[in-house]
Amino acid sequence: TVLTAFQSVEDQLTAGATLAEQEGLRREASLAADKTEQQLLNRYRSAQVSYTEVVTAQAAALNARRSLVQTQLNRQVSAVTLIQGLGGGWRAEWLNEPPAAGVQPAS
């Protein structure tokens with residue numbers, strides 16, 4: 033029904049805004065984890081910390097990157113759901129089709 037469609041659109045707009053905020057926070061966390069990893073690696077090279085600390089920092093950085101990528105995926109899914117809620121279509125097989133003649137790929 034129309035009310036269901038409006039509710040879906042509203043839900044996806046809200047989700048999109050929330051996910052955009054989460055993505056920013058997770059990007060900052062990922063950058064901080066990368067910086068910590070690099071600092072510990074440098075300290076390890078100068079024999080100031082054990083390799084266990086480096087590995088722990090690497091695992092934390094990897095988890096932060098995974099979290100960021102998952103949030104980015106969730107944003108894309110939310111965008112597709114919003115497009116569908118607005119009456120647009122989406123099929124996964126379209127991803128493998130070449131662009132129509134005269135259409136420039138997005139840069």
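Numbers in our numbering are just positions in the sequence shown, counted from 1, shifted up by 32.
Each residue gets a CB set at the ideal place from its N, CA and C atoms; glycine is no exception.
If we ignore side chains and look at the alpha-carbon of each, how far apart do Tyr83 and Trp126 end up?
47 angstroms
At a cut of 8 angstroms, does the region 71 to 91 reach the region 48 to 55 through at least three beta carbon pairs?
Short answer: they don't touch.
Please work out which residues of its chain come closer than 6 angstroms, Cβ to Cβ, to Ala96, disregarding the five sequence neighbours upstream and downstream, and give them in chain order.
Ala61, Ser62 and Ala65
Is it right to say Glu69 is buried, meaning 16 or more other beta carbons lie within 10 angstroms of its own, or is it exposed?
Burial call: buried.
Quick test of your reading: Arg58 and Leu100, contact by CB under 8 angstroms. State the CB separation rounded to the nearest angstrom.
4 angstroms
Does DSSP put Gln54 in a helix, a strand or coil?
DSSP places Gln54 in helix when its eight states are reduced to three.
DSSP state of Leu118, grouped into three classes?
Correct three-state label for Leu118: coil.
Am I right that Arg98 and Glu55 are in contact with their C-beta atoms under 8 angstroms? What's the rounded C-beta distance?
No, Arg98 and Glu55 are not in contact; Cβ-Cβ is about 13 angstroms, not under 8 angstroms.
Taking the alpha carbon of Thr168 as the reference point, which residue from Ala132, Ser110, Leu105 and Lys67 has its own alpha carbon closest?
Past the edges of the chain, shown from 33 to 139, lies residue 168, and the structure says nothing about it.
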